[in-house]
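Numbering of the sequence shown is given in the working numbering, commencing with residue 11 and proceeding in unit increments.
From the three backbone atoms N, C-alpha and C, an ideal C-beta is built for every residue, glycine too.
Working notes for the structure below.
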Amino acid sequence: MNINKKIATSLLLVFIIAKMSSQEKRAFFFAEIRDKFDFLPDVHIINTQTKNGTFTNVNGEFKINAKENDSLSISFVGYKNITWVVKKQHFGIKRNVIYLEKKSIDLNEVEIRKTDLIGSLASDSKLVKHEKQIDAETLDLPFAGIPKLTVAERRLYTATNGMPSAVMFTGFGFIMSPDYMLNIISGRIKKLRKLKDIEDLESLVKKLKQSYTHYIIGELNINEDHVYQFIYFLAQDRGFKLELQKGEFAVIEFIKSKSLEFKKLKSDFYNKNTTLGG
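Laid out in C-alpha cells, this is it:
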C-alpha cells in the first residue's frame, strides 16, 4: 500500500513539474500589424517579459518568442502605442491581426477677431507681442529647474511612496510601508519597473535618432529604411549605456562596431547591394 502511495505521489510530482515547465516554455507567436487601410512595416514590438524585440517586415508580419499571458508592447511613429496580451488561442494556425490607431492631432482653439495684422509674415511678426513664458523657473518657485517626472516615473514613485525601497528606519530597526508591501505582493511594482524600462528605451531611441541619423546613413552606409530598426538594435544592447557615459568618441566607435553586426543580421540585403555596387 505504501509503495502504491509513493508511486502515486511521484507521478503527481512529475505531472506538476511537466505542467510548470510547459507553461514556462515559449514558442514563436506569429502576427501581422496594420491600420484600417494597409499593413504597417517597421513597427517595433517588445516582449515586456523577456525584453526581446523585433520589427514587422514589408508585409506587416512578425514573429517573436512568447508564451501565454506575455505582454507585447507595440509602437510605431504616428500611431498610438498599445499592449497586446498573448493568449493560448493565438498560437497555432490562427491568423493574428493587430490593429493600430493613428494619433489624432488636437488643434488649439482660436479666436477670430479684428487685428492689425495684414497677412505678411515679415510685417506681422513685428506687430505680434511675445509674452514671457510663465513656469516654475520664471516665478522662482521652490524646486524650479528639477526635471519633471514622466508618467512611468510618477507611477513608480507613487507605488514606492517616493522612497527607493520604501523602508523607514526607526530607533529599533526598520518598518516597511504597508502600501509598498501590498504593491510587492501584487506584482505591481515589477510591472511598473518594466513599463519604465520601455519608456526609457523609447526616450533613448528618440535622442539617438535626432543625433546620429546623418552619421548612420552617410558614414556607416545603413539604408535609410533601416535607420529606425538599427537604432533600436543599438539601444537594446546592454553595453550601450556604459559607452554613453564614456563620451562621444566611445559612442561613435560603439555605433560603428554595431553597424557591422547589424549588416550581418541583414546580410541578404547588404551583401546584394555591395555586389551590385561593385
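For Lys97, the secondary structure class from DSSP, reduced to helix, strand or coil, is coil. Residue Thr66 holds the alpha-carbon nearest to the alpha-carbon of Asp235 among Ile265, Glu111, Phe39, Thr66. Gly70 places its beta carbon less than 7 angstroms from that of Leu50. Ser83 is the residue among Asn106, His100, Ser83, Lys98 whose C-alpha sits nearest the C-alpha of Glu212. An exposed status is given to His224, since fewer than 16 other beta-carbon atoms sit within 10 Å of its beta-carbon. Listed in chain order, the non-local C-beta contacts of Thr58 below 6 angstroms within the same chain comprise Ser81, Ser83, Lys204, local neighbours out to five positions each way being set aside. Going by C-alpha positions, Phe264 is about 33 angstroms away from Trp94. In this structure, Leu110 and Ile208 do not form a Cβ contact; the two beta carbons are roughly 16 angstroms apart against a cut-off of 8 angstroms.
DSSP places Asn75 within a strand segment (E or B) once states are collapsed to three.
With contacts defined as CB atoms closer than 7 angstroms, Leu218 and Ile241 qualify as a contacting pair. Val261 and Glu271 have their C-alpha atoms spaced approximately 16 angstroms apart.
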